[in-house]
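At position 38 of the sequence shown the residue is numbered 38 (our numbering), and the sequence of numbers has no breaks.
For each residue, glycine too, the CB sits at the ideal point set by N, CA and C.
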Amino acid sequence: MTAADHRKTATTTRTATATTAAPAPAAGPGLAEARGELSAAVIRALRSGGPPAYAPASVLRADPWGEDLHLALYLLYELHYAGFDRVDDEREWDPDLLRLRQGAEARFLHALRTELADGPRTVEDAFAPLLVEPVDLSGSLSRRLQTDGELWQLREYAALRSLYHLKEADPHAWVIPRLTGRAKAAMVAIEYDEFGAGRADRIHARLFAELMADLGLDPTYGRYLEQAPAPLLATVNLMSLFGLHRALRGALVGHFACVEVTSSPGSRRLAAAMRRCGAGPAAERFYTEHVEADAVHEQVVRHEVIGGLLAGEPDLEADVAFGCAATVLVEDRLADHIRRAWDRGRSALRTPLPEL
1 MTAADHRKTA
11 TTTRTATATT
21 AAPAPAAGPG
31 LAEARGELSA
41 AVIRALRSGG
51 PPAYAPASVL
61 RADPWGEDLH
71 LALYLLYELH
81 YAGFDRVDDE
91 REWDPDLLRL
101 RQGAEARFLH
111 ALRTELADGP
121 RTVEDAFAPL
131 LVEPVDLSGS
141 LSRRLQTDGE
151 LWQLREYAAL
161 RSLYHLKEAD
171 PHAWVIPRLT
181 GRAKAAMVAI
191 EYDEFGAGRA
201 DRIHARLFAE
211 LMADLGLDPT
221 YGRYLEQAPA
231 PLLATVNLMS
241 LFGLHRALRG
251 ALVGHFACVE
261 VTSSPGSRRL
271 AAAMRRCGAG
281 PAAERFYTEH
291 VEADAVHEQV
301 VRHEVIGGLL
311 AGEPDLEADV
321 AFGCAATVLV
331 EDRLADHIRR
341 AWDRGRSALR
351 TPLPEL
């Protein structure tokens with residue numbers, strides 16, 4: 001039986017099940033299992049409704065790149081997005097949870113600034129290397145998937161990326177009220193495209209859900225949190241960190257610009273990978289949609305969003321450069337994690353996906 005046959009059978013089964021017994025939708029995704037002291041404190045607090053119980057020194061001891069800190073941060077950030085099933089929405093602004101989040105954020109941000117102590121300070125220095133396609137693509141994960149990737153690897157990649165793509169563009173929307181003039185107008189124009197240009201069926205998060213269905217994955221929001229390792233969580237946490245702090249608005253613009261600048265060539269390779277592996281039309285469509293759109297967005301974000309921002313606030317240039325460099329850093333760490341796992345013939349997830 002081919003992958004397409006498996007997908008058809010799975011879809012038929014899901015449809016029949018939904019028709020006979022459709023459960024009431026949950027208010028939000030479920031909580032993951034704890035990965036250490038900090039994440040355990042957050043989970044207990046969210047389940048009980050009480051304050052998080054933890055030793056303050058444990059934040060200072062936590063690995064800034066580790067599973068415990070990044071799961072704790074992800075859970076705390078998610079209160080500002082979809083929340084969690086059976087967790088009171090009021091916990092979003094709980095002062096005890098915010099205090100823990102502040103400490104974990106400071107630990108992560110310090111690690112980023114330490115790693116990038118010799119990083120770029122200008123927009124030119126940060127973005128110039130990204131504007132030229134490297135001659136040697138041997139280290140590119142999208143290139144590997146395009147030429148040698150197998151269907152199980154594409155499925156893992158999609159499951160990992162679902163933690164962002166099922167809320168694509170939401171973290172970047174935080175910056176809109178913090179921009180003015182040219183920068184705001186251009187940012188809204190790009191986000192309008194990301195959110196489907198007025199059409200619900202074209203919202204990029206929905207297109208990614210359809211990609212997941214083509215790959216035989218569960219497109220439920222937050223479904224693969226339990227299987228997502230720290231390097232993936234760090235990529236999502238980075239944009240939430242930048243987005244939820246006005247003081248980091250320049251870094252969020254740098255992050256957004258970095259994503260748009262690098263998206264088009266990578267999306268072209270991933271569309272080819274989906275086509276080569278017979279992943280399905282929706283799986284291919286998600287990436288082909290990004291090839292042309294993000295090529296246009298790249299020009300707008302560099303000249304109008306960054307240009308407009310720095311015309312009014314030139315002192316934010318180093319922050320924009322930092323946001324770009326931090327994005328490259330966390331994406332490189334994730335790619336290294338995935339490559340190492342696959343080179344050993346192992347899953348890049350914390351637990352492998354069920355086979356089709």
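Proximity of residue i and residue j at Cβ, strictly below 9 angstroms
i, j, result
"glycine 196", "isoleucine 190", "no"
"valine 123", "glutamate 317", "yes"
"alanine 205", "aspartate 170", "yes"
"leucine 241", "leucine 109", "yes"
"phenylalanine 127", "cysteine 258", "yes"
"aspartate 214", "proline 281", "yes"
"alanine 45", "proline 56", "no"
"glutamate 298", "serine 264", "yes"
Residue of the options minimising C-alpha distance to residue i
i, options, result
"glutamine 227", "Glu313, Leu353, Leu98", "Leu353"
"alanine 209", "Leu145, Ala186, Ala283", "Ala283"
"arginine 61", "Ala104, Tyr221, Leu151, Asp193", "Ala104"
"lysine 167", "Gly149, Tyr81, Leu131, His245", "Tyr81"
"arginine 249", "Val300, Arg269, Tyr224, Asp315", "Asp315"
"tryptophan 174", "Glu292, Gly216, Leu244", "Leu244"
"glutamate 331", "Gly181, Ala32, Trp65", "Trp65"
"leucine 364", "Leu112, Ala34, Glu90, Ala72", "Nothing can be reported for residue 364, as the shown portion of the chain is limited to 1 through 356."
Whole-angstrom distance between residue j and residue i, CA atom to CA atom
i, j, result
"valine 253", "threonine 262", "14 angstroms"
"glutamate 115", "aspartate 125", "17 angstroms"
"leucine 97", "alanine 295", "40 angstroms"
"proline 380", "leucine 163", "The structure shown does not extend to residue 380, since the chain spans only 1 to 356, so no value can be given for it."
"isoleucine 338", "proline 177", "36 angstroms"
"methionine 274", "histidine 303", "32 angstroms"
"proline 231", "glycine 198", "34 angstroms"
"tyrosine 74", "phenylalanine 322", "21 angstroms"
"alanine 117", "alanine 186", "31 angstroms"
"alanine 158", "methionine 239", "19 angstroms"
"alanine 78", "arginine 86", "The question names alanine, yet the displayed sequence has glutamate at residue 78. Their Cα atoms are separated by approximately 14 angstroms."
"leucine 76", "valine 42", "8 angstroms"
Contact set for residue i: own chain, Cβ-Cβ below 8 angstroms, skip 5 residues either direction
i, result
"alanine 341", "Ser347, Ala348"
"threonine 220", "Pro29"
Nonlocal neighbours in the same chain, by C-beta distance under 6 angstroms from residue i, ignoring five residues either side
i, result
"alanine 335", "Leu141"
"threonine 288", "Ala271"
"alanine 183", "Val305, Gly308, Leu309"
"alanine 251", "Phe242, Asp319, Phe322, Gly323"
"arginine 121", "Ala318, Ala321"
"glycine 119", "Ala325"
"alanine 10", "The pLDDT assigned to alanine 10 is 44, lower than 50, so where the model puts this residue is not dependable; a value taken from the coordinates is nonetheless given after this. Closer than 6 angstroms at the Cβ level, and outside the excluded window around alanine 10, lie Gly216."
Same chain, Cβ closer than 7 angstroms to residue i, neighbours up to 5 away in sequence not counted
i, result
"glutamate 355", "none"
"serine 58", "Glu37, Leu38"
CB contact check: residue i to chain C, cutoff 9 angstroms
i, result
"leucine 76", "Judged by its chain identifiers, the structure shown contains no chain C, having just a single protein chain."
Going residue by residue through the region 62 to 111, where are the continuous alpha helix (DSSP H) segments of at least 4 residues, counting only ones entirely within it?
67 to 78
Segments of 4+ residues assigned as alpha helix (DSSP H) that fall wholly inside the region 263 to 312
281 to 300, 307 to 312
Fully enclosed by the region 190 to 215, which alpha helix (DSSP H) runs are 4 residues long or longer?
204 to 214
Of all the alpha helix (DSSP H) runs that stay within the bounds of the region 127 to 189, which reach a length of 4 or more residues?
141 to 148, 151 to 165, 170 to 173
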